[in-house]
Each structure stands twice: as C-alpha cells, then as structure tokens.
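Chains V and E supply the protein sequences, listed in that same order. In case it helps, this note's numbering puts the first sequence at residues 133 to 330. In case it helps, this note's numbering puts the second sequence at residues 133 to 330. We treat Cβ as the ideally placed atom computed from N, Cα and C, and that holds for glycine. Let me begin by presenting the structure, written as structure tokens, before commenting on it.
Number of protein chains: 2
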Amino acid sequence: MYEGPVQDLIDELGRMPGIGPKSAQRIAFHLLKIPTPDAMRLSEAITRAKERVQFCQRCFNFSEHELCLICSSASRQDGTLCVVEESRDVVAVEKTQEFRGRYHVLQGCLNPIEGIGPEQLRVSELLGRIDGEQITEVILSTNPNIEGEATAMYLARLLGPLGVMVTRLASGLPVGGDLEYADELTLGRALEHRRAVE
Amino acid sequence: MYEGPVQDLIDELGRMPGIGPKSAQRIAFHLLKIPTPDAMRLSEAITRAKERVQFCQRCFNFSEHELCLICSSASRQDGTLCVVEESRDVVAVEKTQEFRGRYHVLQGCLNPIEGIGPEQLRVSELLGRIDGEQITEVILSTNPNIEGEATAMYLARLLGPLGVMVTRLASGLPVGGDLEYADELTLGRALEHRRAVE
C-alpha cells in the first residue's frame, strides 16, 4: 500500500506500546506533513535519550549519570527503600510527596509464564543494599495485581531473615471513589484491613 | 520530575496526534528499556522518511519520487480524478479496490476559522489538471463533515464551468465522521453510488 520509508515508519511506530495500526498511520502522516526540523526533534530525542540515559548503578532507575538524582541527593532520608517494578512507578510515588527515602527498581515482576524469574529482576542487587546501606524498612510497592503480589510475597520471604522491617502498600478503596462502584475484591480487602478511627 | 533527555523525549512524543502525557511517558520508558538498535530503528525511520519522502508533483500525495506510484502507473485509468483531503484518504479509497483512476490530494480542507482558504490548498493545481490531463470526471471525496462538504461545494462551483462531470461520494457514510475511519464496504458502496452535483 505504501512506499518503503512510509511503511517502515508506520511499522516502527506500530511497535510502540498502545499504538495500533491506525494511530501509527496517523502519526506517520503527521510526521511527514510537519516541517522537517519539528519531525527531526523527535528522531533526535530518541537518539539522545538512548545515548545519554542509562540505569542508575544503585537503584536501577533511569539516569543520566552513574547515580540517579534521587540516589545522589543528600536531602533524601537514608534507611528506607521503596521497591517498585518500573521507573514509571518511581514517578507515581514521587508525585504523592509522601515519601522521602530511596528507591529500588526491580525492572519488572515475577511472571513464570513469560519466563521472568528472580534472576531477570534486580533482586540480588536489592538484597545487597540491605546490609550495605543499613536499611531498616523496605516498602514493597509492586502493583496490587497477581504478579505484583506474588513478587511482594517472594521478596518478603527473602527479606524477613535479614532483620529488616518489610511493609506493603495498603490495599483499599480509592480516595474519592464510590463504595457502589468498587469491585468485590477491593471492597473485601478494605473491610479486612479496616483501621480504628482515632 | 525527569532528567533532561527523558523529559525531552516525553515532550516530543506528546506532540504527536492522539498521544497524551500518559502514553508519551509509557512509550518513552518503553524506548529506554528496549535494546538500543530497536529504538534506533524508529529514530532512523523518521529521519529516512523525512529525507526521502516528498510530495508527488502531480497529485500531491506522499511519494519517494517526483511522481508517486499511482501517478506514474500505466495501468491506472486516465480521465477520472478522485479528489481527497489527505494522503490517508488515498489509502482508504485504495482499500475499497473500487477506483482505478488517479487522485488529487488537496492537503486539507477549507476552514475559515483556522485561516485555510483555497490558496492554502492544492486547488489551482487541480484546475490545471482538468485541461492538461483531459479529465472527464472529478469525484469529490472530501470528508462528509461540515468542512469537507463546504470544500466539495466550493470545488463543484469552480469545476462546473469547465465542462467536466463533477460527482460526490454517495451518502451512506455516517455524517460527521471521517473518511479515514469508514469501513471498506461502506466506503466502497459510497464510491459506487456517487451522484452528479446539481
């Protein structure tokens, strides 16, 4: 249907997450239509990001330097680690402004069906940090779905014997939500984990 | 929140049509995570498309050469022009396999609010082709929405005195919709039932 470079562009765009064939075509035609310098900014942003962004050698978040901004910051609290699956989860937690400790990015979660075991994740690096950084609390902040829960349970078993406090993000009703629209599992969990009102 | 190159990448992705901030972040993190050669293929596809793809000098569709594949094809029927707004509409009409003539891409539609008049479109080039290529029928295939209808009516008035048959895609397309999103059967039927413009 298309000539070479146009089809190539559509194909490459279509490989991105959440971009279907129609969106890929729409974006490709948009890129072809806009002035060349505008389109080249995207191309160059990809090149530059791949050249300059690496993984933080301590927490495995994305970073421009050997250590990321959070790991190298003197104003963050030592001793508490928030363990997340992906870099985007660091962003989500940071936005709450409720956490002043450090992070550890697992770069995924346990998923036996897709062949992802502890060796594919940054688990040994996490264990190494407990002693090395005198960690007193690890907050397991993996996703509240099957894989995330399994990963949290696995890590809790590994961390228990190390004498560190292990906590898990609370499950419950979303703030601002309606009881009526909550799914049974969430409402059940909220009931099970009910707290005394002071 | 992000360091320079990551934020730049998210910003540039967010400028693409249909990509919101969340999708931009998701795609950026995907690009950072995959192997560099895979990410570079997208960057290079953009560069190559911008370098090698231009507008066909006759129909103003995207083309790798001075004339596009359809304009330079000997197996297409001469004498009938299908006038569309954008290159993506050429793709949509081609998919119906109901049209064997040639195309003319206006590169937009009349939109006084956005300051797009006939001078911003390839209207004079269209008029030039009527005589030059002995066109006998012009099928106005602009979108069946307000701007597309206005553009069709405007062109019909210009083309009428030139002694060429002017037709419009049959109604049957959902009014207010986009040609791009019509299913092939509906678009094919609309093409088959095109009617003379009075």
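- When Cβ-Cβ separations below 7 Å define contact, E/T168 makes contact with chain V.
- For E/S195, the three-state secondary structure derived from DSSP is strand.
- Following the DSSP letters along the chain, one finds V/L305 in no beta strand (DSSP E), marked with neither H nor E.
- Between E/V223 and E/C214 a beta carbon distance of about 12 Å is seen, past the 8 Å cut, so the two are scored as non-contacting.
- In the displayed model, V/E281 falls within a helix according to three-state DSSP.
- In terms of beta-carbon proximity, V/D221 stays away from the interface with chain E, with every pair separated by 7 Å or more.
- Boundaries of the alpha helix (DSSP H) harbouring V/V255: 255-264, taken from the DSSP string.
- Counting along the chain, V/V270 sits inside the beta strand (DSSP E) bounded by residues 269-272.
- Residue range 234-237 is occupied by the beta strand (DSSP E) that includes V/V237.
- In terms of Cβ geometry, E/L272 and E/R300 form a close pair [threshold 7 Å].
- Under a 10 Å Cβ-count criterion, V/K182 is classified as buried, with 16 or more other Cβ atoms of the shown protein chains found around its own Cβ.
- Beta-bridge annotation (DSSP): V/C214 is paired with V/Y235, V/I271.
- For E/R147, there is no enclosing alpha helix (DSSP H), since its DSSP letter is neither H nor E.
- Interface residue (Cβ-Cβ distance to chain E less than 7 Å): V/D140 is classified as such.
- Using beta-carbon distances, E/P153 does not count as an interface residue toward chain V, since no partner is under 7 Å.
- Between the alpha carbons of E/E230 and E/R147 lies a gap of roughly 36 Å.
- Contact of V/G150 with chain E is assigned, a C-beta pair being separated by under 7 Å.
- By the Cβ neighbour-count rule, E/V270 is buried, with 16 or more other Cβ atoms within 10 Å of its own.
- The Cβ atoms of V/D315 and E/A177 lie no closer than 7 Å to each other.
- E/R300: member of the beta strand (DSSP E) spanning 297-300, first to last residue.
- Closest by C-alpha distance to V/R184, out of V/C191, V/L164, V/S195, V/L174, is V/S195.
- Going by beta carbons, V/R180 and E/P244 fall outside the 7 Å limit.
- In the structure shown, the three-state DSSP call for V/Q186 is strand.
- The C-alpha of E/Y235 is placed about 8 Å away from the C-alpha of E/C203.
- In the DSSP assignment, V/S219 falls within the unbroken alpha helix (DSSP H) covering 219-228.
- Listed in chain order, the non-local C-beta contacts of V/L238 below 6 Å within the same chain comprise E217, L253, R254, local neighbours out to five positions each way being set aside.
- With three or more CB-CB distances shorter than 8 Å, the segment 150-159 of chain E counts as touching the segment 150-157 of chain V.
- Residue-level contact by beta carbon fails for E/T283 and chain V, as no gap is shorter than 7 Å.
- In this structure, V/A282 sits away from V/V298, with a CB-CB distance that is not shorter than 7 Å.
- Taken through DSSP and simplified to helix, strand or coil, V/I166 comes out as coil.
- Interface with chain E (7 Å Cβ-Cβ cutoff): V/I202 is excluded.
- Using beta-carbon distances, E/F187 does not count as an interface residue toward chain V, since no partner is under 7 Å.
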